[in-house]
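J.: Those protein sequences? They're chains A and B, same order as listed. With positions in the first sequence counted from 1, the corresponding number in my numbering is that position plus 104. With positions in the second sequence counted from 1, the corresponding number in my numbering is that position plus 3. All C-beta atoms in this analysis are idealised placements derived from N, C-alpha and C, irrespective of residue type, glycine included. The structure displayed is predicted, hence computed values, not measured ones.
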Amino acid sequence: EPEVTQTPSHQVTQMGQEVILRCVPISNHLYFYWYRQILGQKVEFLVSFYNNEISEKSEIFDDQFSVERPDGSNFTLKIRSTKLEDSAMYFCASSPRQGGQETQYFGPGTRLLVL
Amino acid sequence: GQNIDQPTEMTATEGAIVQINCTYQTSGFNGLFWYQQHAGEAPTFLSYNVLDGLEEKGRFSSFLSRSKGYSYLLLKELQMKDSASYLCAVRDSDTDKLIFGTGTRLQVFP
Numbered sequence: 105e106p107e108v109t110q111t112p113s114h115q116v117t118q119m120g121q122e123v124i125l126r127c128v129p130i131s132n133h134l135y136f137y138w139y140r141q142i143l144g145q146k147v148e149f150l151v152s153f154y155n156n157e158i159s160e161k162s163e164i165f166d167d168q169f170s171v172e173r174p175d176g177s178n179f180t181l182k183i184r185s186t187k188l189e190d191s192a193m194y195f196c197a198s199s200p201r202q203g204g205q206e207t208q209y210f211g212p213g214t215r216l217l218v219l
Numbered sequence: 004g005q006n007i008d009q010p011t012e013m014t015a016t017e018g019a020i021v022q023i024n025c026t027y028q029t030s031g032f033n034g035l036f037w038y039q040q041h042a043g044e045a046p047t048f049l050s051y052n053v054l055d056g057l058e059e060k061g062r063f064s065s066f067l068s069r070s071k072g073y074s075y076l077l078l079k080e081l082q083m084k085d086s087a088s089y090l091c092a093v094r095d096s097d098t099d100k101l102i103f104g105t106g107t108r109l110q111v112f113p
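#1: Pick from Arg94(B), Gly18(B), Gln110(B): whose alpha carbon is nearest that of glutamine 28(B)?
#2: For arginine 108(B), which of Thr98(B), Ala87(B), Ser70(B), Asn24(B) has the nearest alpha-carbon?
#3: Which runs of the beta strand (DSSP E), 3 residues or longer, sit entirely within the segment 107-149 of chain A?
#4: Look at methionine 13(B) and isoleucine 23(B) and say whether their C-beta atoms are less than 8 angstroms apart.
#5: Looking at glutamate 160(A): is its Cβ nearer than 8 angstroms to the Cβ of serine 152(A)?
#6: Against chain A, does leucine 109(B) count as a neighbour if the rule is that its beta carbon must be under 8 angstroms from one of theirs?
#7: Would you mind reading off the limits of the beta strand (DSSP E) that contains glutamine 39(B)?
#8: Using a Cβ-Cβ cut-off of less than 8 angstroms, list which residues of the segment 136-150 of chain A approach chain B; keep chain order.
#9: Distance cutoff 8 angstroms, beta carbons only. Does glycine 72(B) sit that close to anything in chain A?
#10: Could you work out which residue in Arg140(A), Tyr154(A), Met193(A) is closest to glutamate 172(A) when comparing CA atoms only?
#11: Could you name the residues of chain A that leucine 101(B) contacts, counting a contact when the two beta carbons are closer than 7 angstroms?
#12: So which residues of chain A does alanine 45(B) contact, with C-beta pairs closer than 7 angstroms?
#13: What number of angstroms, rounded off, separates the C-alpha of serine 191(A) from the C-alpha of histidine 114(A)?
#14: Looking only at its chain, what residues have a beta carbon closer than 6 angstroms to the beta carbon of phenylalanine 36(B), apart from the 5 residues adjacent to it on each side?
#15: With a cut-off of 8 angstroms on the beta carbons, I'd call isoleucine 102(B) and glutamine 5(B) a contact; round off their distance for me.
#16: Relative to the C-alpha of lysine 182(A), which residue among Asn156(A), Arg126(A), Val147(A), Gln205(A) is closest?
#17: Touching or not, the segment 210-219 of chain A and the segment 118-133 of chain A, by the rule of three or more beta carbon pairs under 8 angstroms?
#18: Rounded to the nearest angstrom, what separates phenylalanine 112(B) and leucine 217(A) at their Cα positions?
#19: Any beta carbon of chain B sitting closer than 8 angstroms to that of glutamate 160(A)?
#20: If distances are taken between C-alpha atoms only, which option among Ser65(B), Gly61(B), Leu77(B), Ala42(B) comes closest to valine 53(B)?
#21: How should methionine 83(B) be labelled, buried or exposed, when 16 other C-beta atoms within 10 angstroms of its C-beta is the threshold for buried?
#22: Would the beta-carbon of leucine 67(B) fall within 8 angstroms of that of glycine 56(B)?
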């Protein structure tokens, strides 16, 4: 069964460094998302992406964050200058279409630790 | 505003039935999802409701009342492997983003 994949599974970085989190969505999906989950807290929406542009972003997704679909398969989240409070699990999700019974399929996540 | 409430923790015995409630107040609504999440893992899809009523899927059922802003997930014949967090999420009607509750951590005891 096709699945969303993410790399790396874990990333440790120093405060102020840039990180790029990578995702490969399910191949025929058109809608892509990033969510994050701080340890012990709820899953929070960051950004949605369709047709090579951002369709929606949350207040968390400030100018330190960016997303890109550099080729036909990868979908990346970049944090330019990490802060301690960026430590969280970051989930990529994809969906073949909007609405209806289609759920968003989540990847296994990247656990980011900022020291 | 957006608000989704679930109990924080529940316990149950293997073989029993448990009901996890979710109430929501959101500015838009285009369906309610239940996900299962084991510790340190991704949420996995369990069920979807957009119309009022009960949806049954094997040992899992989910109910929705849109007028009351209420849903529940019913788990029957509980197994030890059902110990996990159960996340209620509402899909926003304008943006399609999922708005999650804090999740209910279910522990199943033998």
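T.: With the given structure in hand:
#1: For the purposes of this step, residue 28(B) is taken as residue 25 along the second sequence, with counting starting at 1. Closest option to glutamine 28(B), Cα to Cα, is Arg94(B).
#2: Numbered from its first residue, the second sequence carries residue 108(B) at position 105. Minimum Cα distance to arginine 108(B) is reached at Ala87(B).
#3: 109-111, 114-117, 123-128, 135-141
#4: Counting from 1 along the second sequence, the entry for residue 13(B) is found at position 10. Counting from 1 along the second sequence, the entry for residue 23(B) is found at position 20. Their beta carbons are under 8 angstroms apart, which means methionine 13(B) touches isoleucine 23(B) by this criterion.
#5: As a working note, residue 160(A) is residue 56 in the first sequence. As a working note, residue 152(A) is residue 48 in the first sequence. Contact: yes.
#6: The residue labelled residue 109(B) in the question sits at position 106 within the second sequence. Chain A, which has no Cβ nearer than 8 angstroms to the Cβ of leucine 109(B), makes this no.
#7: For the purposes of this step, residue 39(B) is identified with residue 36 of the second sequence, where counting begins at 1. From DSSP, the beta strand (DSSP E) with glutamine 39(B) extends over 35-40.
#8: Tyr137, Tyr139, Gln145, Lys146, Val147, Glu148, Phe149
#9: Counting from one through the second sequence, the residue named residue 72(B) turns up at place 69. Output row for glycine 72(B): interface = no.
#10: Translated into the one-based positions of the first sequence, residue 172(A) becomes position 68. Out of Arg140(A), Tyr154(A), Met193(A), Tyr154(A) has the C-alpha closest to the C-alpha of glutamate 172(A).
#11: Counted from its first residue, the second sequence places residue 101(B) at position 98. Per Cβ cutoff of 7 angstroms: Phe149, Gln208.
#12: As a first step, residue 45(B) is located in the second sequence; it is residue number 42 there, counting from the start. Per Cβ cutoff of 7 angstroms: Phe195, Phe210, Gly211, Pro212, Gly213.
#13: Counting from one through the first sequence, the residue named residue 191(A) turns up at place 87. Counting from one through the first sequence, the residue named residue 114(A) turns up at place 10. The straight-line gap from Cα to Cα measures roughly 11 angstroms.
#14: Position 33 of the second sequence, counted from the first residue, corresponds to residue 36(B). These residues qualify, in order along the chain: Tyr51, Ala92.
#15: Numbered from its first residue, the second sequence carries residue 102(B) at position 99. Numbered from its first residue, the second sequence carries residue 5(B) at position 2. About 5 angstroms separates the two Cβ atoms, so the contact holds.
#16: Here residue 182(A) refers to the residue found at position 78 of the first sequence. Answer by Cα proximity: Arg126(A).
#17: yes
#18: If you number the second sequence from 1, residue 112(B) lands on position 109. If you number the first sequence from 1, residue 217(A) lands on position 113. Computed Cα separation, rounded: 33 angstroms.
#19: Taking the first residue of the first sequence as 1, we reach residue 160(A) at position 56. Closer than 8 angstroms: yes.
#20: Within the second sequence, the letter at position 50 stands for residue 53(B). Per the Cα distances, Ser65(B).
#21: Position 80 of the second sequence holds residue 83(B). Methionine 83(B) should be labelled exposed.
#22: Taking the first residue of the second sequence as position 1, residue 67(B) is located at position 64. Taking the first residue of the second sequence as position 1, residue 56(B) is located at position 53. Yes, Cβ-Cβ distance for leucine 67(B) and glycine 56(B) is below 8 angstroms.
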